[in-house]
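Comments concern the structure below.
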Amino acid sequence: MSTETIDLKTRLITDFHARESVMNGEASSEFHQKKRAALAEFDRLGFPTIRHEEWKYSNVKDLISASYNFGAEGSVGFAELEDLKIPEQDANIVYFVNGHYSAELSRFVSSQTEITISSLSEAYKKTPALVTSYFDELTKGGQDAFTALNTAFAQDGIFIHVPDNQSVTHPVILRFVSDARVQNVGSQPRNIIAVGRNSSLKLAEAFRTLGTERSFTNAVTEIYVGEDANVEYYKVQNESDNAYHIGTTQVRMSDRSHFYAGTVTLNGRFTRNNLNIVLDGERCDAHMYGLYFPDGTQHVDNHTVADHCKPNSESNELYKGILRDRAKGVFNGKIFVRPDAQKTNAFQSCKNIVLSPDATMNTKPQLEIFADDVKCSHGTTTGQIDEEALFYMRSRGISRPEAMALLMYAFCADVVSQIKIDSIREYLEGVIAKKLAS
Amino acid sequence: MLSINDLRASVEGKEILKGINLEVKPGEVHAIMGPNGSGKSTLASVLAGREEYEVTGGNVIFDGKEILEMAPEERAAQGIFLAFQYPVEIPGVTTINFLKTAVNEIRKYRGESPLDAAQFLKMVREKAKLVSMNDSLLKRALNEGFSGGEKKRNEIFQMAVLEPKLAILDETDSGLDIDALRIVAEGVNSLRSPDRAAIVVTHYQRLLDYIVPDFVHVLYKGRIVKSGPKELALELEEKGYDWIKAEVEAVS
Ligand SMILES: Nc1ncnc2c1ncn2[C@@H]1O[C@H](COP(=O)(O)OP(=O)(O)OP(=O)(O)O)[C@@H](O)[C@H]1O
Ligand SMILES: [Mg+2]
């Protein structure tokens, strides 16, 4: 059983050294040293098992038992992506296919004074020192094998830099497509988003799959939110029934900044999202919204952290899920309030509707509070659809499935309405309505 | 129009309706009165199709069709409407959206084309006026945070929109102020026609001053133990239920 585990790990480590041996001078760069350190960390940690506290309910055995072609070239054209599209709006749209940046598919509308958007590899070629200064700064030492693995193999992804005092009008939409039409594919996109002081940015990551072979996405995004900055970040996962997704979004907030995250998991075989926000500033506020709809035997795990380091900040979290069939859901929400973080307000709520007796939801709020003058609250609920409400609606002529759909849609509405990129919200409204009606 | 024959129903193994017989003809209004816990709401719920209640005997024919096997939404489409004693709060669904769905689902069931937004709004405005229903309530989540009286008024408003053949009002008058009571009654009366009927469950003669019934029935311990003309309600108001209970005990 464990031989296969060793297999993928060993294969990856061997692969790393093989790449390193053909690197010439670049191997001694600071950038590469960070990767090497991450590989050592990955080697030390190994893939987690369910004995690991953070992976108690999420077993990656199945994920790591297969082999994946990492970095397979995907040749995907517009026509093939037609079905995967989110209706267009005026936005910067950046495509990645199997982790590779696609210049051909991408399109930019914002001016370069407002924002620098380029692939990580291009950005590194042009400004190695700048990229290196951000790379892995937020994630290092995170004790997470998948993040370390991503760091070690980081090749492509997005690099976004918004200078000070820029309010970027057009959103940036990153589309990650796994082309799993002919083989199992793996990709490890690495994104760096640095938003300067008093600037604002709307950003979305959308994950889709072509084909039905297995795909494994191990994504890491580091987001720097400058002083007085405002960043909205949405992650939309609508992958195949054979898609495995592990993602970490690591955020650091500065004084008086605002950060909004919306994480919507529409479909996927196995999904683990880590959203870690360090409120490393005074008077900043972080908002986390999440929605998930696993069915069949799908598995969705959301781990979030709001780490309050300084006084007078606020975090506010609402996750909601609807689980069907034999689906499994996990929610783990940590709130840390450090000794310095007096007058913290932290709220957390996770609500679930479980539509089948075979579906399960594990929720675990985890509060660690080291300051005395704080307001924290948390609550989780897991229930069925309200039969009384259902009967009321049916007695007015609304069919049972339609009434269920209306109730479930209403349940999701307060999360969906938080999504402020119109085209994405409208896309979600459509997909969710369809999903709930089925 | 409606024919209830020896209807028996129980919940959690306890028999609550113990053989109800009732005949309602088009154009008639029947009042049902009776002490608390006698089974009035149970009867109303069973007619509307609440699944919690197990029908253990008898049948109910509405417009020539046996309805006990029908789903609640099917009964609604056939023209049965129940105004709830305790209307349910439904967060996140606006009254207007809810009603639009209901109207169009019923139309679909009847093979009619859906109303477009303009037609629907026009109709809703008229009906809202009829029961003095505030526009702002229509945009709010269904019954959520509505006062007791607002909830009841909303029930009558929905009834006015859906124009049922048979309206069953379960204590729609309780919790209403005098003006609201009159408005609700006018709403019901505006629907009175030779081809519609109503069953009005109430504890008070007051409502029956406005909605004058053709018959008054007393439900006690799961049976209709007395029926009479509208004057029976006055008698009950005056004397209470003890004399009826005594009559029942004497017989059994
Ligand atoms: N879901 C239920 N579970 C258990 N008992 C029930 C249930 N519904 C009704 N009953 C019981 O059935 C009996 C009849 O209740 P019902 O609500 O029909 O009375 P009612 O005549 O409408 O009373 P009221 O005038 O107080 O509204 C009561 O004893 C009640 O407790
Ligand atoms: Mg009652």
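Quick note, the sequences are listed as chains A and Z, same order.
Residue numbers for the first sequence follow my numbering, beginning at 1 and rising by one.
Residue numbers for the second sequence follow my numbering, beginning at 1 and rising by one.
We treat Cβ as the ideally placed atom computed from N, Cα and C, and that holds for glycine.
These numbers come from a predicted model, not from an experiment.
Between which two residues does the beta strand (DSSP E) containing residue i stretch?
i        : result
A/MET408 : Per DSSP, A/MET408 belongs to no beta strand (DSSP E); it is in the alpha helix (DSSP H), 400–416.
A/ASN150 : Counting along the chain, A/ASN150 falls outside any beta strand (DSSP E), though it belongs to the alpha helix (DSSP H) covering 145–153.
A/MET288 : 285–292
A/SER349 : 345–354
A/HIS52  : Taken as a continuous stretch (DSSP letters only), A/HIS52 belongs to no beta strand (DSSP E), as it is neither H nor E.
A/GLU122 : Here A/GLU122 belongs to no beta strand (DSSP E); instead the alpha helix (DSSP H) covers 120–126.
A/MET253 : 243–253
A/ARG272 : 270–279
A/THR380 : 375–383
A/GLY186 : 185–187
A/LEU105 : 100–107
Z/GLU73  : Not the beta strand (DSSP E): Z/GLU73 falls in the alpha helix (DSSP H), residues 72–78.
Z/LYS139 : Segment 135–139 is the alpha helix (DSSP H) holding Z/LYS139; no beta strand (DSSP E) there.
A/PHE96  : 92–97
A/MET361 : 360–369
Z/SER193 : Taken as a continuous stretch (DSSP letters only), Z/SER193 belongs to no beta strand (DSSP E), as it is neither H nor E.
A/THR263 : 258–267
A/GLN237 : 230–238
Z/LEU68  : From DSSP, Z/LEU68 is part of no beta strand (DSSP E); its letter is neither H nor E.
Give the range of the alpha helix (DSSP H) segment to which residue i is assigned.
i        : result
A/TYR392 : 387–394
Z/VAL55  : It is not in any alpha helix (DSSP H) - Z/VAL55 instead sits in the beta strand (DSSP E) that spans 54–62.
Z/ALA44  : 40–48
A/VAL60  : Taken as a continuous stretch (DSSP letters only), A/VAL60 belongs to no alpha helix (DSSP H), as it is neither H nor E.
Z/LEU232 : 231–239
Z/GLY148 : 148–162
Nearest by alpha-carbon distance to residue i: which of the options is it?
i        : options                                : result
A/THR263 : A/ARG256, A/ALA243, A/GLY281, A/HIS303 : A/HIS303
A/ARG208 : A/HIS245, A/ASN191, A/VAL195, A/ILE223 : A/HIS245
A/ASN150 : A/ALA37, A/PRO339, A/ALA403, A/GLN112  : A/ALA37
A/ASN273 : A/SER58, A/GLU41, A/PHE42, A/THR10     : A/SER58
Z/ASP195 : Z/MET70, Z/ILE80, Z/ALA102, Z/ILE32    : Z/ILE80
A/SER119 : A/PHE78, A/PHE159, A/CYS412            : A/PHE159
A/SER349 : A/LEU63, A/ALA306, A/VAL236, A/PHE78   : A/ALA306
A/SER313 : A/PRO48, A/VAL177, A/ASP228, A/ALA154  : A/ASP228
Z/GLN205 : Z/LEU236, Z/LEU99, Z/ASP214            : Z/LEU236
Z/ILE168 : Z/PRO91, Z/ASP63, Z/LEU82              : Z/LEU82
Z/PRO164 : Z/ILE199, Z/SER174, Z/LEU142           : Z/ILE199
Z/GLY13  : Z/GLY149, Z/MET33, Z/ARG223, Z/GLU52   : Z/GLU52
A/CYS376 : A/GLN342, A/SER254, A/VAL168           : A/GLN342
A/ILE13  : A/VAL278, A/PHE153, A/VAL97            : A/PHE153
A/ARG394 : Z/ALA77, Z/TYR86, Z/VAL201, Z/ALA233   : Z/ALA77
Z/LYS18  : Z/HIS30, Z/TYR210, Z/VAL93, Z/GLY39    : Z/GLY39
Assuming residue i and residue j are in contact, meaning their beta carbons sit under 8 Å apart, how far apart are those beta carbons, in whole angstroms?
i        : j        : result
Z/PRO72  : Z/ALA197 : In fact, because the Cβ distance is near 19 Å, the residues do not count as touching under 8 Å.
A/GLY71  : A/GLY25  : Not a contact, Cβ separation roughly 22 Å.
A/LEU138 : A/GLU222 : 4 Å
Z/LEU2   : Z/LEU166 : 6 Å
A/ILE385 : Z/GLU105 : With a Cβ gap of about 18 Å, A/ILE385 and Z/GLU105 do not count as contacting.
Z/ASP6   : Z/GLY37  : Not confirmed; about 21 Å, so no contact.
Z/VAL184 : Z/VAL131 : 7 Å
A/ASN92  : A/HIS170 : 6 Å
A/HIS299 : A/THR271 : 7 Å
Please find out if some non-hydrogen atom of ligand 1 comes closer than 7 Å to the beta-carbon of residue i.
i        : result
Z/GLY19  : no
Z/VAL11  : yes
Z/GLU52  : yes
A/ILE193 : no
Z/ILE16  : yes
Z/GLN85  : yes
Z/GLY49  : no
Z/ASN36  : yes
Are there any heavy atoms of ligand 2 lying less than 7 Å away from the beta-carbon of residue i, as far as the coordinates show?
i        : result
Z/LYS40  : yes
Z/ASP173 : no
Z/ASP209 : no
Z/ASP6   : no
Z/ASP170 : yes
Regarding residue i and ligand 4, is the C-beta to nearest heavy atom distance less than 7 Å?
i       : result
A/HIS17 : As presented, the structure is devoid of ligand 4, carrying ligand 1 and ligand 2 as its sole ligands.
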